[in-house]
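Student: Encoded as structure tokens, here's the structure I'll be asking about.
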Amino acid sequence: MALILFSIFLWSATGALGWLAYQRRDGSFRSGARDAVREAVFIAPRLLIGVLGAGFIAALLPGDLVSRVLGSESGFPGLLMASGAGLIIPGGPVVAFSVGAAALEAGAGSGQVIAFLTGWLLMSSNRTIIWETPIMGVPFTTLRYAISLPFPVVIGGIVTLMT
94 MALILFSIFL WSATGALGWL AYQRRDGSFR SGARDAVREA VFIAPRLLIG
144 VLGAGFIAAL LPGDLVSRVL GSESGFPGLL MASGAGLIIP GGPVVAFSVG
194 AAALEAGAGS GQVIAFLTGW LLMSSNRTII WETPIMGVPF TTLRYAISLP
244 FPVVIGGIVT LMT
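Residue numbers for the sequence shown follow our numbering, so the first one is 94 and each next one is one higher.
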């Protein structure tokens, strides 16, 4: 039900913004539509690959192993492993969220999947190596990592206690 309501909200907001852009009669609507089509063409293949990959991952992951290692009863070690996996997994949101969805389907606990996603969001090694360290420098990146390191486990633990 929440997905339906959120989809209605997104379509309504998009329609309202499109209408406002059209009313301006300054080319905003045409420019926005052109940008939207360009982005859709860019992201659609990646989204398809991510979703297909997640489906294959879910089919190939042994559910009993995932439940044992990353299930809701795996405790601190499961949260730690999930956080570490978030740190090392390459790719963007299509990959990370697809892997998270596949892990949930294979029996991972909500806290562990949230620890994985939080680890990916805060400490993605791919983003750190390519962008953060060269732009911000090693001292800044080291400090940010030191501060961020416990958060995936803590947040995943809170979710585990709540569910």
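Every residue, glycine too, gets a C-beta built ideally from N, C-alpha and C. From a predicted model like this one, the values you see are computed outputs, not experimental measurements.
Thinking residue 181 and residue 218 are a contact (beta carbons under 8 Å), I'd like their distance in whole angstroms, please.
Tutor: 6 Å
Student: What span of residues does the alpha helix (DSSP H) with residue 200 cover, start to end?
Tutor: Segment: none, residue 200 is in no alpha helix (DSSP H) and carries neither H nor E.
Student: Could you work out which residue in 140, 250, 114, 142 is closest to residue 211 when comparing CA atoms only?
Tutor: 250
Student: Specify the secondary structure class of residue 186 as computed by DSSP and reduced to three states.
Tutor: Per DSSP, reduced to three states, the secondary structure at residue 186 is helical.
Student: Look at the alpha carbon of residue 130 and the alpha carbon of residue 168, and state the distance between them as a whole number of angstroms.
Tutor: Those two C-alpha atoms are separated by around 45 Å.
Student: For the region 230-249 against the region 193-200, are there 3 or more C-beta pairs whose distance is under 8 Å?
Tutor: no
Student: Using 8 Å as the Cβ pair cut-off and three pairs as the minimum, do the region 218-230 and the region 170-177 touch?
Tutor: no
Student: Straight-line CA distance for residue 162 to residue 145?
Tutor: 24 Å
Student: Check for me: the alpha helix (DSSP H) holding residue 128 runs from which residue to which?
Tutor: 121-153
Student: Where does residue 226 sit, in a helix, a strand or coil, going by DSSP?
Tutor: helix
Student: If you run the structure through DSSP and keep just helix, strand and coil, what is residue 256?
Tutor: coil
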